[in-house]
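Structure first, then comments.
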Amino acid sequence: MKVQLKIQRFDPATQDKPVWGNYVAEVEDNGRVLDALHYVKWYLDGTLALRRSCGHGVCGSDAMVINGVNRLACKVLCKTLDQPVTVEPIRGLKVEKDLIVDMEPFFAGYRAVQPWLVPDDTDPGGRERLQSPEERARYDDTTKCILCAACTTSCPIFWGDDTYVGPAAIVNAHRFIFDSRDAGDRERLEILSAREGAFRCRTTFNCTEACPRGIKVTEAIQEVKRTILYRKV
Amino acid sequence: MAVTYHQFDCVIVGAGGGGLRAALESSKRASTAVVTKLYPTRSHTGAAQGGMCAALANVEEDSWEWHTFDTVKGGDYLVDQDAAEIMCREAIDAVIELEHMGLPFNRTPDGRIDQRRFGGHTRNHGEAPVRRACYAADRTGHMILQTLFQQCVRNHVQFFNEWFVLDLILTDDNRCAGVVAYELKTGELHVLHAKSVLFATGGFGKFFRITSNAHTLTGDGPGMCLRRGIPLEDMEFFQFHPTGIYGLGILLSEAARGEGAILLNGEGERFMERYAPTIKDLAPRDMVSRAIYQEIAEGRGVGGKDFVHLDVRHLSREVLETKLPDITEFARLYLGVEPTTELVPIQPTAHYAMGGIPTDVGAQVVVDEANSPLPGLYAAGECACVSVHGANRLGTNSLLDIIVFGRRGGIQMAEHAAESELPPLPEDPAAGARDLLAGLLKRSVGGEGDERIAPLRKRLQDEMMADCGVVRTDESLGRVLGTIAELRERYGRAGVEDKGSAYNTELLEAVEMGFLLDLAEVTAVAARARTESRGGHYREDFPLRDDGYWMRHSLARRREDGTIELNYKPVTVTRYMPMERKY
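Printed below as a string of structure tokens:
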């Protein structure tokens with residue numbers, strides 16, 4: 001099928017502001033937006049810059065704004081979209097070129113919440129720590145995060161203030177706060193209760209709608225807020 | 234083109250599971266840089282689904298020795314058995330250690346790590362399938378990658394993201410002295426001068442049309458080694474995974490069959506009962522892929538087409554939602570199929586390179602038939618060939634491989650750095666990389682005689698799929714080598730439209746295409762020479778395994794004049810003599 005595309009193009013080295021590029025791509029009937037972008041890059045205009053790797057929604061490289069909504073280009077089929085399909089870089093991060101943005105502020109937010117297991121003092125010896133299936137299920141949802149930034153760059157608070165750690169960072173904090181094996185709460189909750197932390201969230205639910213992994217992002221943020229208020233998991 | 238110099242004890246190229254596991258070891262002991270052309274969490278380890286085998290015996294009796302036997306038999310006896318013993322023995326600690334790092338494994342009712350069945354993994358030397366695969370739903374690789382990345386962040390590992398390594402620096406007396414990298418953001422070159430370098434660059438399935446591999450899996454590490462005179466081992470062995478989504482190649486995990494799914498041909502018959510009467514749909518991947526090929530060739534594909542069905546309809550909703558959620562979603566999204574009520578069209582998909590950069594069990598690169606080491610150079614994971622997978626890798630053993638040999642490589646490279654001097658750099662170490670890029674940037678596209686990369690790559694993928702895939706013959710391999718020679722000539726005239734220096738990903742793809750061509754050629758040459766069938770290498774004109782002559786690893790080296798020279802080295806056998814491979 002033919003796909004009409006309207007892609008935001010911007011090369012800061014040579015342009016003052018972004019322009020729209022119009023293209024017609026040819027893809028299979030079940031082709032993804034990524035396939036259409038590849039068609040443009042491979043056969044029409046090699047200068048188009050985008051990130052991608054796995055092509056099926058697990059690596060998190062190709063988050064972009066597709067027809068106004070944050071999506072992974074490899075997880076949207078062209079036939080489900082109105083044409084022309086508009087494609088823009090995700091918002092709130094500096095555009096480096098075309099659909100590529102500076103990811104550093106996003107990962108800085110991630111690193112800030114200490115996203116790693118802080119084990120308690122007990123020595124598990126040469127065996128695994130025990131965790132019941134129910135305890136494991138408690139944080140299952142937030143282990144799915146692929147750090148694609150679709151949630152964080154859909155958040156109006158983040159657009160206005162990039163010191164806010166953002167939804168993805170809080171999701172990754174949640175993954176440990178609700179893990180029965182983790183003992184890092186004191187410090188992690190301290191960080192999240194600070195000015196840049198979870199209370200900047202105004203529950204607009206954009207993040208939940210944007211998540212390509214179906215994580216209940218807003219709910220996770222609310223659970224973190226409640227935990228901070230009541231200091232109990 | 235500006236060149237910046239850096240100095241480290243250790244440089245790790247690639248930030249998937251192998252690279253990150255190595256980094257956790259080496260960064261504790263020595264100054265370490267991890268260089269990746271992606272961001273670490275974009276690495277293809279994250280796409281691994283089903284599990285990681287270790288004989289924990291949490292749910293039924295098991296032993297690492299049985300695991301070793303299965304690995305050797307699954308690899309059609311081309312496995313180096315000393316290496317397989319190490320991997321299967323260390324598997325247990327490797328899994329426990331990941332749990333201690335925080336990996337959220339699925340659990341048994343009593344809170345221990347749950348385990349499930351997987352292809353080719355059996356109890357007591359083939360009696361019946363065994364529950365050996367430790368898993369986190371069907372995103373085990375994702376959880377391994379995330380967990381290792383979390384630990385690297387915690388340990389302040391130094392990353393150079395979106396730096397594409399183009400060249401390996403060797404001294405005149407053949408020691409490793411570092412690498413040359415191209416920074417995607419700026420277009421600048423960097424020389425990373427180092428005592429130890431570890432390649433963990435992953436696979437190279439992108440020379441096939443239907444593949445589960447990421448777009449970025451182009452064999453850069455093995456390609457660089459080949460160009461620097463280092464041989465590649467067992468390149469003729471490439472695994473096709475039986476259950477790729479029809480037309481797209483996206484993986485549907487073997488865990489589906491581990492949980493009870495079955496394969497049906499166009500007549501609705503569970504055909505694996507004929508090919509592997511004991512373990513049926515849980516036979517190793519090479520056998521299942523060949524069986525699918527056979528069914529299709531004999532007219533029993535679905536609707537006369539080139540696919541068969543995966544049937545998960547009888548699995549409970551709970552199993553699908555808690556143990557196989559991602560692949561259920563893939564079927565819905567990409568095929569518009571509802572797996573709870575409909576059959577899922579699948580076909581074999583190019584999945585895993587058993588061959589690669591030859592190493593010893595310490596991940597040190599060895600460069601000849603006598604296994605002489607190249608001081609300072611290491612490799613781990615899919616880009617390496619230890620060889621623990623032989624002629625056909627068992628499911629889950631790749632995640633195991635990256636953890637066990639990533640760890641060993643990280644320790645070894647740091648110890649080497651501690652006891653050696655920084656090797657001297659050659660004059661202008663960036664010259665090779667600079668010339669490579671300059672050539673591609675200089676040539677134009679769109680004019681008379683000009684070539685674009687994409688059509689060349691598509692042709693390579695189509696022809697490799699047709700002539701060097703699940704089934705091969707002397708004729709088909711001769712044909713594909715002719716195609717490769719033609720494509721190589723055209724590649725020499727190929728250029729890029731993007732002449733800019735910021736995020737010139739067209740240039741990146743053009744360089745990657747060069748590595749794919751090199752590796753495709755080596756694969757086809759080694760496959761044509763091996764006149765037997767073993768594991769993932771099936772020759773229609775030589776359908777039997779020939780242990781008398783072919784119990785040996787191939788080593789393919791590129792001569793100065795560009796032709797490929799093949800040598801062979803023996804397989805290490807410790808306890809299992811080759812037997813007929815029945816399941």
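These protein sequence lines are chains A and B, in that order.
Quick note: the first sequence uses this note's numbering, first residue 1, plus one each step.
Quick note: the second sequence uses this note's numbering, first residue 234, plus one each step.
Note that CB positions come from ideal geometry on N, CA and C, so glycine has one too.
Neighbour list for residue 225(A) in chain B, Cβ cutoff strictly below 9 Å: As a position in the first sequence, residue 225(A) is number 225, starting the count at 1. Those within 9 Å of residue 225(A) in chain B number zero; the least Cβ separation is about 23 Å.
Residues that DSSP places opposite residue 400(B) in a beta bridge: Locating residue 400(B) in the second sequence gives position 167, counting from the first residue. According to DSSP, residue 400(B) bridges with 413(B).
Bounding residues of the alpha helix (DSSP H) (the contiguous stretch that carries residue 20(A)): Taking the first residue of the first sequence as position 1, residue 20(A) is located at position 20. Taken as a continuous stretch (DSSP letters only), residue 20(A) belongs to no alpha helix (DSSP H), being part of the beta strand (DSSP E) at 19 to 26.
Runs of beta strand (DSSP E) lying entirely within the segment 703 to 774 of chain B, each at least 3 residues, in chain order: none
DSSP state of residue 300(B) mapped onto helix, strand, coil: As a working note, residue 300(B) is residue 67 in the second sequence. Residue state, collapsed to three classes: helix.
Nonlocal neighbours in the same chain, by C-beta distance under 6 Å from residue 591(B), ignoring five residues either side: Counting from one through the second sequence, the residue named residue 591(B) turns up at place 358. Closer than 6 Å at the Cβ level, and outside the excluded window around residue 591(B), lie 466, 599, 618.
Buried or exposed (CB count within 10 angstroms, at least 16 for buried), residue 807(B): By 1-based counting over the second sequence, the position of residue 807(B) is 574. So residue 807(B) counts as exposed.
Delimiting residues of the alpha helix (DSSP H) encompassing residue 265(B): Indexing the second sequence from 1 puts residue 265(B) at position 32. Not the alpha helix (DSSP H): residue 265(B) falls in the beta strand (DSSP E), residues 265 to 269.
Anticipated Cβ contact below 8 Å, residue 48(A) with residue 40(A), distance rounded: Translated into positions along the first sequence, residue 48(A) becomes position 48. Translated into positions along the first sequence, residue 40(A) becomes position 40. Between residue 40(A) and residue 48(A) the Cβ distance is about 6 Å, and since that is below 8 Å, they are a contact.
Minimum length 3: unbroken beta strand (DSSP E) runs contained in the segment 270 to 356 of chain B: 348 to 356
Neighbourhood of residue 790(B) by C-beta, 6 Å cutoff - its chain only, sequence neighbours within 5 removed: For the purposes of this step, residue 790(B) is identified with residue 557 of the second sequence, where counting begins at 1. 464, 798, listed in sequence order.
Per DSSP, cross-strand counterpart(s) of residue 787(B): On the second sequence, position 554 is the one that residue 787(B) refers to. For residue 787(B), which the question treats as bridged, DSSP gives the partners 801(B).
Residue closest to residue 434(B), alpha-carbon to alpha-carbon, out of 252(B), 443(B), 565(B): Residue numbering aside, residue 434(B) sits at position 201 when the second sequence is read from its first letter. Looking at the Cα atoms, 252(B) is the closest of the given residues.
Bridge partner(s) assigned by DSSP for residue 6(A): Counted from its first residue, the first sequence places residue 6(A) at position 6. Answer is 22(A), 86(A).
Among 752(B), 783(B), 671(B), the one whose alpha carbon lies nearest that of residue 468(B): On the second sequence, residue 468(B) is found 235 positions in, with the first residue counted as 1. The shortest C-alpha separation from residue 468(B) is found at 752(B).
Short Cβ contact (8 Å threshold) for residue 138(A) with residue 332(B): Within the first sequence, numbered from 1, the residue matching residue 138(A) stands at position 138. Within the second sequence, numbered from 1, the residue matching residue 332(B) stands at position 99. Cβ atoms of residue 138(A) and residue 332(B): not closer than 8 Å.
Complete alpha helix (DSSP H) runs within the segment 78 to 123 of chain A (minimum length 4 residues, chain order): 104 to 112
Paired residues, beta bridge with residue 68(A) - DSSP: Along the first sequence, one-based indexing puts residue 68(A) at 68. Per DSSP, none; premise fails for residue 68(A).
Any chain A beta carbon closer than 8 Å to residue 803(B): Counting from 1 along the second sequence, the entry for residue 803(B) is found at position 570. By this cut-off, residue 803(B) is not an interface position.
Assigned secondary structure, residue 690(B) (DSSP; H/G/I helix, E/B strand, else coil): For the purposes of this step, residue 690(B) is identified with residue 457 of the second sequence, where counting begins at 1. In this structure, residue 690(B) counts as helix in the three-state DSSP scheme.
Residue span of the beta strand (DSSP E) that contains residue 609(B), given as start and end: In the second sequence, residue 609(B) corresponds to position 376, counting from 1. Segment 606 to 612, the beta strand (DSSP E) holding residue 609(B).
Alpha carbon of residue 19(A) to alpha carbon of residue 97(A), nearest angstrom: To locate residue 19(A), count along the first sequence from 1; it is residue 19. To locate residue 97(A), count along the first sequence from 1; it is residue 97. Each residue's Cα considered, the two are about 12 Å apart.
Cβ pair count under 8 Å reaching 3, the segment 507 to 517 of chain B against the segment 565 to 585 of chain B: no
Residue from 659(B), 622(B), 426(B) with nearest C-alpha to residue 767(B): Indexing the second sequence from 1 puts residue 767(B) at position 534. Comparing Cα positions, the closest option is 622(B).
Interface residues of chain A facing residue 339(B) [CB-CB closer than 8 Å]: If you number the second sequence from 1, residue 339(B) lands on position 106. Correct list: 133, 136.
Residue 709(B), buried or exposed, once every other Cβ within 10 Å from all chains shown has been counted against 16: Along the second sequence, one-based indexing puts residue 709(B) at 476. So residue 709(B) ends up on the buried side.
Candidates 718(B), 660(B), 724(B), of which the one nearest residue 678(B) by Cα: Counting from one through the second sequence, the residue named residue 678(B) turns up at place 445. When only C-alpha atoms are compared, the closest one is 724(B).
Spatial neighbours of residue 131(A) in its chain, beta-carbon cut-off 7 Å, leaving aside the 5 residues before and after: For this step, residue 131(A) is matched to residue 131 along the first sequence. Only 180, 181 meet the Cβ criterion.
Buried/exposed call for residue 691(B), threshold 16 Cβ in 10 Å: Numbered from its first residue, the second sequence carries residue 691(B) at position 458. Residue 691(B) should be labelled exposed.
Spatial distance of residue 714(B) from residue 51(A) (CA atoms): For the purposes of this step, residue 714(B) is taken as residue 481 along the second sequence, with counting starting at 1. For the purposes of this step, residue 51(A) is taken as residue 51 along the first sequence, with counting starting at 1. If you take the alpha carbons of residue 714(B) and residue 51(A), they lie about 32 Å apart.
Residue 170(A) to residue 224(A) span [Cα, whole Å]: The sequence position of residue 170(A) within the first sequence is 170, counting from 1. The sequence position of residue 224(A) within the first sequence is 224, counting from 1. The straight-line gap from Cα to Cα measures roughly 8 Å.
Rounded Cβ spacing between residue 83(A) and residue 188(A) (contact assumed at less than 8 Å): What you label residue 83(A) is simply residue 83 of the first sequence in a count that begins at 1. What you label residue 188(A) is simply residue 188 of the first sequence in a count that begins at 1. Actually they are not in contact, since the Cβ atoms of residue 83(A) and residue 188(A) sit about 45 Å apart, beyond 8 Å.
Cβ neighbours of residue 75(A) in the same chain (closer than 8 Å, five flanking residues each side left out): Along the first sequence, one-based indexing puts residue 75(A) at 75. So the qualifying residues of the chain are 32, 56, 57, 212.
Residues from the segment 714 to 744 of chain B in contact with chain A, defined by Cβ distance under 7 Å: 729, 730, 731, 733, 735, 736, 738, 739
Inter-stretch contact (C-beta, 8 Å, three-pair minimum) for the segment 485 to 501 of chain B and the segment 537 to 545 of chain B: yes
Local conformation of residue 251(B) per DSSP, three classes: As a first step, residue 251(B) is located in the second sequence; it is residue number 18 there, counting from the start. In this structure, residue 251(B) counts as helix in the three-state DSSP scheme.
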